[in-house]
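Engineer: First the structure, which I've put down as structure tokens, then a few questions once you've had a look.
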Amino acid sequence: MADAAGVAEGDLAGLSAGLDLSIADAMVENALGNLALPLGVATNFVINGREVLVPMAIEEPSVIAGASKAALAARAGGGFEAEADDSLMIGQVQLLDVTNLERAIEAVQEREADILALANARPSRIVELGGGAKRLEIRAFQQSPAGPMLVLHLLYDTLDAMGANAVNTAVEAVAPLLETITGGRANLRILSNLADRRLARARVTVPLEALARNDLRGHQVATRIVEAYALAAVDPYRAATHNKGIMNGIDAVAVATGNDWRATEAGAHAYAARGGTYTPLSRWSVSAHGLAGSLELPLAVGTVGGATKAHPAAQACLRLLGVERARDLAMVMAAVGLAQNLAALWALATEGIQRGHMALHARQMALAAGAVGAEVELVAKWLVRSGEIRAAAAEEAVREIRRNPGGNHT
Ligand code: MEV
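Residue numbering for the sequence shown follows our numbering, beginning at 1 and increasing consecutively.
Set out below in structure tokens:
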């Protein structure tokens, strides 16, 4: 892996080092230990012309295999193209008891420079490097369960940090001045996870011949994939599952790199529902060049700060990825989300996901039934061959293999 990623072997030592209990204890309260997840690597990714090895931390079988398989098909068309916006987060200040909303909005707009200066006044690495509060927006709600209110949006460039702490500090700092300017009362002061100024996008065109499977030709598979997407485009019940598949990939990279996957989840689903109806985050169509896919979603992720820095495995994963900037990480994640979506639709629109999935699931069944070492593979194969991937069958297989260790169980 180190050779392929072009880094020193020692740079990846954190991949298997686990988490020291003293670090865990400093990260959360009442730490009892660590909960480990499998950390794998997805292969075949070419993103903006660069070969990328993608670390993924996830408990679900098939996800890493699916991403790698879709990336291989995408590679035949040159791989993924991706881009990401600057790291502009939104911090919100809720203002209640404002007597005249219109006048208060004008007053805030007149004092924009003072408010921004106050937001950036505290010593901050982000501000020193050129980030920090950049603009204000103000929105009025004439009616709410708590009466009329204003909400101020502080647009804050967090550079390579996810930036929650920086944004929350800044909105807390400006709230008293906003109270003075508007005559209102500040209540909430917190970032918004609907980070729609911090979008990442990925595109792919997969040559049709790379999609052929069993007796289905490439264009037939592509048509079925577009049909599968069409259901998500009209039906929130399907769109939720469609997007869950996308987030399987994105969250696995978020976890591997020490990022807050609840934030990426919240942002993605809110963005999917931004028009008032829940929609798929990706689109698929068939063009003359092949199957064309695109994905756009908010990705508030960082490469510095928080667990990204504190966790040795997260550091090693960032080195494996070869990314230093938050925008570059967001681009990789968007490409992985699109690949994951392609893998799911490809399987669903052809043989269904259970055949491949159950073969991998069989290994987990074998482990749960007590298989150890080489037994795991033997039991998994046994289950797949019998077509009975059930706990009772796994236990029976373990017993049989142990009863007759020299037997031919393959
Ligand atoms: C399973 O974790 C994800 C899928 O359900 C996604 C999809 O249906 O598109 C396979």
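Note that beta-carbon positions come from the ideal geometry of N, C-alpha and C, so glycine has one too.
All of these numbers come straight from a predicted model, not from anything done at the bench.
Kindly say whether Ile181, judged by its beta-carbon, lies nearer than 8 angstroms to any beta-carbon of chain D.
Structural biologist: The displayed structure is made up of one protein chain only, and chain D is not part of it.
Engineer: Going straight from the alpha carbon of Ala195 to that of Pro298, what length do you get?
Structural biologist: 5 angstroms
Engineer: Is Glu296 near ligand 1, with its Cβ less than 7 angstroms from a heavy atom?
Structural biologist: no
Engineer: Beta-carbon separation of Asn432 and Leu191 under 8 angstroms?
Structural biologist: Here the chain has residues from 1 to 410 only, and residue 432 is not among them.
Engineer: What does a CB cutoff of less than 8 angstroms around Thr257 pick up in its chain, not counting 5 residues either side in sequence?
Structural biologist: Pro55, Val301, Thr303, Thr308, Ala314, Cys317, Leu318, Leu321, Leu329
Engineer: Can you tell me which of the three DSSP states His269 falls into?
Structural biologist: helix
Engineer: Would Leu155 and Arg197 qualify as a contact pair, given that the criterion is a beta-carbon distance under 8 angstroms?
Structural biologist: The Cβ-Cβ distance between Leu155 and Arg197 falls below 8 angstroms.
Engineer: Measure the CB-CB distance between Ala252 and Ile47 and report whether it falls below 8 angstroms.
Structural biologist: no
Engineer: When the Cα of Val93 is compared with those of Leu136, Glu83, Arg325, which residue comes out closest?
Structural biologist: Closest in alpha carbon position to Val93, among Leu136, Glu83, Arg325, is Leu136.
Engineer: Please name the residue in Leu199, Gln143, Leu96 whose C-alpha comes closest to that of Thr180.
Structural biologist: Leu96
Engineer: Using alpha carbons as the reference points, say which of Val206, Tyr271, Glu400, Ser285 lies closest to Lys230.
Structural biologist: Here the sequence assigns Ala to residue 230, which means Lys is not the residue at that position. Considering only alpha carbons, the answer is Ser285.
Engineer: Can you tell me whether Gln340 is buried or exposed, with buried defined as 16 or more other CB within 10 angstroms of its CB?
Structural biologist: buried
Engineer: To which residues of the same chain is Leu12 closer than 7 angstroms at the C-beta, ignoring the five residues directly before and after it?
Structural biologist: Answer for Leu12: Met1, Ala2, Ala316, Arg319, Leu320, listed in chain order.
Engineer: For Gln94, report the span of its alpha helix (DSSP H) as first-last.
Structural biologist: Unbroken run through Gln94 is the beta strand (DSSP E), 88 to 96; no alpha helix (DSSP H).
Engineer: When you compare each of Arg390, Asn30, Arg363, Ala349 to Gly218 by their alpha carbons, which one comes out closest?
Structural biologist: It is Ala349.
Engineer: Is there contact between the stretch 254 to 271 and the stretch 352 to 367, where contact requires at least three CB pairs shorter than 8 angstroms?
Structural biologist: no
Engineer: Under the rule that 16 or more other beta-carbon atoms within 10 Å means buried, what is His289, buried or exposed?
Structural biologist: With a threshold of 16 other beta carbon atoms within 10 Å, His289 falls short and is exposed.
Engineer: So the alpha helix (DSSP H) Pro236 belongs to, where does it begin and stop?
Structural biologist: 236 to 256
Engineer: Does at least one heavy atom of ligand 1 sit under 7 angstroms from the Cβ of Ile353?
Structural biologist: yes
Engineer: Should Thr350 be listed as close to ligand 1, given that the test is whether its C-beta is under 7 angstroms from any heavy atom?
Structural biologist: No, the beta carbon of Thr350 sits no closer than 7 angstroms to any heavy atom of ligand 1.
Engineer: Smallest Cα separation from Ala84: which of Leu281, Arg325, Ala71?
Structural biologist: Arg325
Engineer: Please report the straight-line C-alpha distance between Leu19 and Ala31, rounded to a whole angstrom.
Structural biologist: 12 angstroms
Engineer: For Val234, count neighbouring Cβ atoms within 10 angstroms of its own Cβ and tell me buried if that reaches 16, exposed if not.
Structural biologist: exposed
Engineer: Alpha carbon to alpha carbon, how far is His242 from Arg402?
Structural biologist: 42 angstroms
Engineer: Rounded to the nearest angstrom, what separates Ile389 and Gly245 at their Cα positions?
Structural biologist: Their Cα atoms are separated by approximately 23 angstroms.
Engineer: At a cut-off of 7 angstroms, would you count Ala344 as near ligand 1, judging by its Cβ distance to the nearest heavy atom?
Structural biologist: In this structure, Ala344 has its CB closer than 7 angstroms to one or more heavy atoms of ligand 1.
Engineer: Verify whether the separation of the beta carbon atoms of Pro312 and Ala17 is less than 8 angstroms.
Structural biologist: yes
Engineer: Between Gly293, Tyr278, Ile126, Ala210, which lies nearest to Leu159 when the distance is taken from Cα to Cα?
Structural biologist: Ile126
Engineer: Rounded C-beta distance between Ala42 and Ala335? I'm assuming under 8 angstroms.
Structural biologist: Actually they do not touch by this definition, with Cβ atoms about 10 angstroms apart.
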